[in-house]
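Read top to bottom, the protein sequences are chains A and B. All residue numbers for the first sequence refer to the numbering used here, where the first residue is 1 and numbers rise by one. All residue numbers for the second sequence refer to the numbering used here, where the first residue is 1 and numbers rise by one. Where a beta carbon is used, it is the ideal one built from N, C-alpha and C, also for glycine. Treat the numbers as computed from the prediction; the structure is a model and nothing was measured. Notes follow the structure.
Number of protein chains: 2
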Amino acid sequence: MNWPQDSKVLALCGGVGGAKLALGLTHVLAAEQLTIAVNTADDFEHFGLLVCPDLDTVTYTLAGLNNTETGWGRGDESWHCLESLEQLGADTWFRLGDRDLAIHLTRRALLDQGRTLSEATASITEHLGIAHNVVPMSDAAVRTIIDTDEGELEFQQYFVREQCQPAVRGIAFSGASDAPLSAGLRNALEDPQLGAILICPSNPFVSVAPILALAGIKESICRRTAAVIAVSPIVARKAIKGPTAKMMHDLGLELSALGVYQFYADLLDGFVIDEQDRGLIDEFPEPHRIHCCNTVMEDLGDRISLAQECLQFAASIEALE
Amino acid sequence: MNWPQDSKVLALCGGVGGAKLALGLTHVLAAEQLTIAVNTADDFEHFGLLVCPDLDTVTYTLAGLNNTETGWGRGDESWHCLESLEQLGADTWFRLGDRDLAIHLTRRALLDQGRTLSEATASITEHLGIAHNVVPMSDAAVRTIIDTDEGELEFQQYFVREQCQPAVRGIAFSGASDAPLSAGLRNALEDPQLGAILICPSNPFVSVAPILALAGIKESICRRTAAVIAVSPIVARKAIKGPTAKMMHDLGLELSALGVYQFYADLLDGFVIDEQDRGLIDEFPEPHRIHCCNTVMEDLGDRISLAQECLQFAASIEALE
């Protein structure tokens with residue numbers, strides 16, 4: 001791979017799918033070359049703790065502590081606290097594992113000491129031996145509200161408690177327009193050496209859109225000459241994981257990689273789709289801006305390969321401009 | 001035992017020793033006959049949760065969930081969260097077990113919903129099948145501050161983190177003089193059928209004294225004709241458990257059951273000491289107000305026997321007046 005050592009990369013990332021590509025990127029870029037900015041709009045307060053599902057999925061994935069079967073939470077987990085919560089009549093629809101609880105307790109303690117979410121995240125990732133920079137999109141609270149046929153739901157209520165059953169009519173990001181970018185995200189965006197902005201194959205509507213809803217970020221991205229590349233989370237008209245496909249259906253969007261591209265539209269310089277969707281290339285308005293490769297990341301090799309493909313594609317797109 | 005069925009009992013109680021006698025009382029009194037009012041001055045905020053060591057020890061003991069070896073926490077406990085907290089660099093001097101965490105999380109959720117500590121305690125004890133009334137001494141925050149030769153320490157810092165090593169120079173109960181009695185404690189004190197107030201064999205200085213420091217409670221106790229009985233936590237010049245003996249030494253008090261009696265002094269109508277201290281009886285100012293029996297509670301039978309002894313003694317003292 002020919003990505004220059006002095007060129008930096010900003011990855012915008014949600015949970016599971018995004019974390020896989022983020023892990024690949026950490027294997028091909030030095031710590032100082034990469035910033036992973038993570039969606040925090042599906043964070044929520046539970047038992048007085050701040051649960052940050054996407055931040056924690058990225059953290060566990062980079063630290064090698066993630067549960068590879070479920071995609072969320074920690075591997076080697078136990079559920080004794082949850083069993084006891086049930087006995088006490090407490091809410092147990094959000095499954096907090098015993099080991100996972102530690103990250104929420106630690107974050108609560110750090111926030112209570114007056115640290116920002118960025119500082120708490122830095123402390124946690126450092127303790128877990130993560131060298132690369134993982135930052136929340138903002139230190140201010142932004143919350144995804146899903147407007148459904150059963151009324152408005154907070155994201156985790158929709159996603160976990162209601163298992164994505166209600167039909168989605170709209171999605172809003174409460175607080176986003178007033179939320180300043182975190183220092184880590186802002187610094188990455190303003191870095192003169194920024195060579196690429198990579199939108200990971202996360203859910204466009206609830207994982208990436210909240211980041212893009214932050215005040216001024218779209219303008220900042222467009223001002224930069226860095227290549228903006230997204231990877232489609234839709235492969236062969238299906239979502240690899242999670243409710244992306246169902247949301248596209250509910251929202252009346254075309255259920256294909258092209259539908260995702262149209263959603264990001266004016267922001268992208270290039271778009272990565274899966275080999276299985278090669279036949280779609282000519283349907284895109286600028287086919288030379290579409291790159292086809294394997295995007296289904298089953299093992300670490302796949303994650304590293306996709307990271308390399310994305311960077312090489314970004315370098316070639318930059319040369320195009 | 002001849003305790004009348006229409007006569008009620010109020011037990012004032014700290015952690016381990018108090019919980020044992022409280023358990024005995026639940027076996028000899030009907031649910032509506034007994035109120036167990038528990039010290040909350042060693043409660044503390046940890047990871048944003050409210051940890052209530054004495055309330056929880058009583059709760060676990062009455063529910064049969066307590067750890068019979070340590071005296072605190074739950075039996076059948078695991079420590080996965082604590083291991084992970086360590087890995088994340090969080091404070092682990094206060095050992096929170098996985099199952100124990102559930103009670104703190106549940107209480108946080110209930111308090112965040114606007115319930116009082118009394119209401120949260122009622123919900124928790126009800127879910128655990130505890131029929132008798134367990135109430136915090138107050139719903140307001142009262143905090144024990146230990147003045148030591150190493151400066152002022154919050155109780156759990158002194159007790160758990162510093163392992164009671166610093167010498168005690170004084171003890172204060174921050175907030176006590178403004179803290180209203182909980183409704184449960186107030187109702188028990190005002191109940192016309194109140195026949196006995198039992199001070200359990202808990203630490204007089206940090207478990208019982210905070211209850212007695214609440215505004216107006218001593219006057220309320222003295223106004224009642226109910227017999228006020230205490231059980232000595234000091235047996236043969238040693239504490240059964242915990243730092244009582246060390247505190248008596250540090251505070252320059254006589255290290256014996258007599259020293260405990262002198263501490264409670266004007267409040268008591270009768271005092272229960274252990275068989276091993278029978279030789280001390282004549283040193284008490286009113287030996288006929290001293291009752292000797294086995295107070296070392298090794299098994300459930302001991303707990304029930306001591307409860308019966310205390311009630312019978314209270315009935316005989318009442319007859320004296």
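Bridge partners for residue i per DSSP, in chain order?
i, result
"Ala172 of chain A", "A:Ile145"
"Pro136 of chain B", "B:Val38"
"Leu10 of chain A", "A:Thr35 and A:Ile197"
"Glu152 of chain B", "B:Asp147"
"Cys340 of chain B", "It is not possible to answer for residue 340 of chain B, since the shown part of chain B is limited to 1 through 321."
"His291 of chain B", "B:Val272"
"His46 of chain B", "B:Leu49"
"Asn66 of chain A", "A:Arg74"
Where residue i and residue j are concerned, what is the direct C-alpha to C-alpha distance, given to the nearest angstrom?
i, j, result
"His27 of chain B", "Ile124 of chain A", "48 Å"
"Ala141 of chain B", "Ala179 of chain B", "7 Å"
"Trp79 of chain A", "Ile217 of chain A", "40 Å"
"Ile243 of chain B", "Val16 of chain A", "Reading the sequence as shown, one finds Pro at residue 243 of chain B and not Ile. So the alpha carbons of these two residues sit roughly 50 Å apart."
"Arg95 of chain A", "Phe44 of chain B", "26 Å"
"Arg303 of chain A", "Leu23 of chain A", "7 Å"
"Ala122 of chain B", "Leu82 of chain A", "20 Å"
"Gly14 of chain A", "Ala30 of chain A", "21 Å"
"Asp112 of chain A", "Arg108 of chain B", "15 Å"
"Leu300 of chain B", "Lys20 of chain B", "8 Å"
"Leu101 of chain A", "Ser84 of chain B", "8 Å"
"Ile240 of chain B", "Arg143 of chain A", "53 Å"
"His291 of chain A", "Leu49 of chain B", "50 Å"
"Ile146 of chain B", "Ala172 of chain B", "7 Å"
"Asp266 of chain A", "Arg223 of chain A", "13 Å"
"Glu150 of chain A", "Phe205 of chain A", "19 Å"
"Gln157 of chain B", "Val51 of chain B", "13 Å"
"Phe263 of chain B", "Asp269 of chain B", "14 Å"
"Asp282 of chain B", "His104 of chain A", "58 Å"
"Gly129 of chain A", "Ala63 of chain A", "7 Å"
"Gly75 of chain B", "Leu65 of chain B", "6 Å"
"Val58 of chain A", "Ser305 of chain B", "58 Å"
"Ala314 of chain B", "Asp277 of chain B", "20 Å"
"Gly279 of chain A", "Ala245 of chain A", "19 Å"
"Ser138 of chain A", "Thr40 of chain A", "7 Å"
"Asp250 of chain A", "Ser316 of chain A", "36 Å"
For residue i, does the three-state DSSP call read helix, strand or coil?
i, result
"Glu275 of chain B", "helix"
"Lys238 of chain A", "strand"
"Arg74 of chain B", "strand"
"Asn187 of chain B", "helix"
"Asp178 of chain B", "helix"
"Gly216 of chain A", "coil"
"Gln5 of chain B", "coil"
"Val296 of chain A", "coil"
"Gln308 of chain B", "helix"
"Ser316 of chain A", "helix"
"Ala209 of chain B", "helix"
"Arg161 of chain A", "helix"
"Ile281 of chain A", "helix"
"Arg303 of chain B", "helix"
"Leu253 of chain B", "coil"
"Thr61 of chain A", "helix"
"Pro192 of chain A", "coil"
Between which two residues does the alpha helix (DSSP H) harbouring residue i extend?
i, result
"Glu83 of chain A", "His80 to Gln87"
"Met247 of chain B", "Thr244 to Asp250"
"Asp100 of chain A", "Asp98 to Asp112"
"Gly259 of chain B", "Ala257 to Tyr264"
"Ile124 of chain A", "Leu117 to His127"
"Thr26 of chain B", "Val16 to Val28"
Taking the beta strand (DSSP E) that residue i falls in, what are its first and last residues?
i, result
"Ala227 of chain A", "Ala227 to Val231"
Compile a chain-ordered list of the residues in the stretch 68–87 of chain B whose CB is closer than 9 Å to at least one CB of chain A.
For the stretch 68–87 of chain B, the residues whose beta carbon sits under 9 Å from a beta carbon of chain A are, in order, Arg74, Asp76, Glu77, Ser78, Trp79, His80, Cys81, Leu82, Glu83, Ser84, Leu85, Glu86 and Gln87.
Looking at chain A, which residues of the stretch 105–127 of chain B have a Cβ within less than 7 Å of any of its Cβ atoms?
Interface annotation for the stretch 105–127 of chain B against chain A: Leu105, Thr106, Arg108, Ala109, Asp112, Ser123, Ile124 and His127, criterion Cβ-Cβ distance under 7 Å.
Any C-beta of chain B within less than 9 Å: which residues of the stretch 92–103 of chain A qualify?
Here the close residues are Leu96, Gly97, Asp98, Arg99, Asp100, Leu101, Ala102 and Ile103.
Members of the stretch 46–71 of chain B that neighbour chain A once the beta carbon cut-off is set at 7 Å
Residues Phe47, Gly48 and Leu49.
Proximal residues, the stretch 142–174 of chain A versus chain B, C-beta separation under 8 Å
Per Cβ criterion, the list is empty.
Near-chain B residues of the stretch 223–255 of chain A (beta-carbon distance less than 7 Å), N- to C-terminal order
Here the close residues number zero.
Closer than 8 Å, Cβ to any Cβ of chain A: which residues of the stretch 288–304 of chain B, in chain order?
Within the stretch 288–304 of chain B, no residue has a Cβ lying closer than 8 Å to any Cβ of chain A.
Using Cβ-Cβ distances below 9 Å, what residues of the stretch 185–197 of chain B are close to chain A?
Residues of the stretch 185–197 of chain B that bring their beta carbon within less than 9 Å of a beta carbon in chain A are absent altogether.
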